[in-house]
Amino acid sequence: MKVYKPHPQKLLEWVKNHVYFTHNDILRITKCNCPYSVLRALRRQAKISEESKTKKEKLVDSKGNVVNVTTRYTLYKFEGLKNAVNG
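Residue numbers (this note's numbering): 412 to 498.
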């Protein structure tokens, strides 16, 4: 069963899993550790495009009923971060 995670936690995990820099690199670029602050600081360093998407799943609840679940999420694409780390 999936564990519910709030949006800031998902965002921080996404940055850790998809942006191939160490935590120290992110701290050096952004000078912050809070997920929202990290995204705000990354916007100043790189071009970030956002794309909203939805994902539909059929899950089974504890009673055996099939439930349709729609999850909305935002894809963030980062460009120009490599220069920010090396510079």
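No residue lacks a Cβ here, since even glycine has one placed at the ideal position from N, Cα and C.
task: Sort K467, D436 and L438 by Cα distance to Y484 and report the nearest one.
output: K467
query: Can you list, in chain order, the residues of its chain whose CB lies under 6 Å from that of V480, leaving out five sequence neighbours each side?
result: E468 and L470
- request: Go ahead and pull the three-state DSSP assignment for S448.
  value: Reduced to three states, the DSSP call for S448 is helix.
- request: Would you mind stating whether K488 and S448 have Cβ atoms separated by less than 8 Å?
  value: No; because the gap between Cβ atoms is not below 8 Å, this pair is not in contact.
Identified DSSP bridge partners for K464: Its beta-bridge partners are Y484.
- prompt: With A457 and E490 assumed to form a contact (beta carbons below 8 Å), what rounded beta-carbon distance in angstroms separates them?
  reply: A Cβ-Cβ separation of about 6 Å places A457 in contact with E490 under the 8 Å criterion.
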